[in-house]
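With the UniProt record's numbering, letter number 115 in the sequence shown gets 115, and the count goes up by one each step, no holes. Virtual Cβ for every residue (Gly too), placed ideally from N, Cα, C. Scroll down for the structure; my scribbles are underneath it.
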Amino acid sequence: MIKGLYEAHLPVSNLKQSIEYYKGLGLEFSHSHEDRLAFFWIEKDKSWLGLWETDKVELDYHPSIRHIAFQVTLEGLKNSVSWLHEREYKPREAFGFKPIEPFVMAHSGMAHAKIHFNDPDGNSLEFICNLPNPKNITKRMYLSEWEELHKAPKTL
């Protein structure tokens, strides 16, 4: 029945400022409605993000209500810290990891690498990609450490 996630929403305090911010992330602006709601394509004709201008941004942050994770390629994620800085966006600490590079959260049989940052209203945003986890590692670590553990052995 369910084939994917089509729509998600975040609260913003200044729609015009947020439109520019999300355009800067590379999302395609679709349309706005009555100067209080704007939609951006995440994946054209498959999923989009709605931004609502509201005073609800005053709610204390909690990931269950103010968090979006954007799927990216591994190569894109590896470059994400510098990519964000080039656009004057600031990666942030998450799960005890400094924002110096993406980090990996591994679970039995699966893993994903990610980096977190906030929009101007403190909504939590994230770039994330899946990683193979053939060794069933469950420890959290920086992506560079993960890649070191998964290097092919050198042959003589």
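With respect to the 9 angstroms criterion, residue 63 and residue 81 are not classified as neighbours on the basis of their beta carbons. In this structure, DSSP gives residue 85 a helical state, which the three-state scheme calls helix. Annotation for residue 76: the continuous alpha helix (DSSP H) segment containing it runs 74-78. DSSP, read as helix, strand or coil, puts residue 65 in coil.
Around the C-beta of residue 143, 16 or more other C-beta atoms lie within 10 Å, and the residue is accordingly described as buried. Residue 69 and residue 9 have their C-alpha atoms spaced approximately 12 angstroms apart.
When C-alpha distances from residue 41 are compared across 27, 33, 18, 35, the shortest belongs to 27.
In the three-state scheme derived from DSSP, where H, G and I count as helix and E and B as strand, residue 43 is classed as strand.
The C-beta of residue 112 has 16 or more other C-beta atoms within 10 Å across all chains shown, which makes the residue buried.
With a cutoff of 9 angstroms on beta-carbon distance, residue 18 and residue 51 are scored as near each other. Residue 121 and residue 49 have their C-alpha atoms roughly 15 angstroms apart.
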